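Take a look at the structure below.
In the UniProt record's numbering, the protein residues as written are 1 to 358.
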């Protein structure tokens, strides 16, 4: 493809009709599944149970799209150890999680998704403040052949103007279905490619934050990157197709299918977690000493699969010596397993760990 920078990338909204009959048909089913997920999540007694684990799962999948691959065990070890993380892949996945939280907190506070928030997300992701590209030379290339597939805008003023236009489009109230707009926003951001690094992951964070902004989700729990991993070739093919001919229908339908399928998958994961939680509560009620059992204690074991004495202390469930006793009792009845990590004993909720690994 042409190596000339795309400084003529059209501003939004698209001039073509994007709400075609086929697009609207898919939008109806995608909205239905997303509403079902949102409704189910609203009934949960403690959303921190699912937020930590689901967001980490999304962070891992989104990073995997960029060939940043770590193991679930390495992630949870890093979280409980709270020490300097030496593995770059693990560090990047945890940075993704914190960037998503940063963006979520910003839009809940300001009720808009602005360029400054996008800049903060990318800075948190990359752990640097390089900001918007100021130098030419950025191209997207085929990893196998080295051929240039697309050259994004390279004029700083053009990039800034396009981002301002994108911000206006994101926050404008119009009659376009929000899921259809999400697909348009994602394409436009990927095409602007405003940063030296982290564009793909920033773009995927924008997707789920936009759904929260528009009230389609209360929390950023949609596991959207899993669909892109499974359909990665098609994702990049459709992006390329858009760069050549702006075939909006195929691109939007792909993104709508991604929302529909991942809403179903996320619903299933969350319902499995809640079923496991209820089973574990019943086991603990019947087998733990009465002075140890509390629902809060069991729920803490579901915030993430790995826990330790300090987590119980921080949650106000018990003081250090008592917390140690509680965890050992949970191990005795088979709810937890333990292993040594440095000088600490780490306790694992194995059924939850296995469920999240699927």
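Even glycine gets a Cβ: it sits at the ideal position worked out from N, Cα and C. Note that the coordinates shown come from a computational prediction; the quantities given were computed from them, not determined experimentally.
Query                                                                                                                                                                                               : Result
At what residues does the alpha helix (DSSP H) containing residue 275 begin and finish?                                                                                                             : 248-287
Just tell me which of 6, 207, 156 has its CA closest to the CA of residue 149.                                                                                                                      : 6
What would DSSP say about residue 347, mapped onto helix, strand or coil?                                                                                                                           : strand
Below 8 angstroms on the Cβ atoms is my guess for residue 311 versus residue 349; work out the distance and round it to an integer in Å.                                                            : Not quite, the Cβ-Cβ distance comes to about 12 angstroms (not below 8 angstroms), so this is no contact.
Short check: CB of residue 93 to CB of residue 71, under 7 angstroms?                                                                                                                               : no
Helix, strand or coil, according to DSSP, for residue 132 in the structure here?                                                                                                                    : strand
Grab the span of the beta strand (DSSP E) containing residue 124 for me, first residue to last.                                                                                                     : It is not in any beta strand (DSSP E) - residue 124 instead sits in the alpha helix (DSSP H) that spans 115-126.
Is residue 34 closer than 7 angstroms to residue 270 when the C-beta atoms are compared?                                                                                                            : no
With 16 as the cutoff for other CB atoms within 10 Å, does residue 4 come out buried or exposed?                                                                                                    : exposed
Measuring only the C-alpha atoms, how far is residue 177 from residue 341?                                                                                                                          : 49 angstroms
Express the C-alpha separation of residue 262 and residue 140 in angstroms, rounding to a whole number.                                                                                             : 27 angstroms
Using the three-state DSSP reduction, which class does residue 140 fall into: helix, strand or coil?                                                                                                : strand
Given a cut-off of 7 angstroms, decide if residue 134 and residue 157 are closer than it, judged by their beta-carbon atoms.                                                                        : no
Give me, in chain order, the residues of the same chain whose beta-carbon lies closer than 6 angstroms to that of residue 315; leave out the 5 immediate sequence neighbours on both sides.         : 300
Give every residue of the same chain whose Cβ lies closer than 6 angstroms to the Cβ of residue 16, excluding the five residues on either side of it in the sequence, and list them in chain order. : 248
So what's residue 92 in DSSP terms, helix, strand or just coil?                                                                                                                                     : helix
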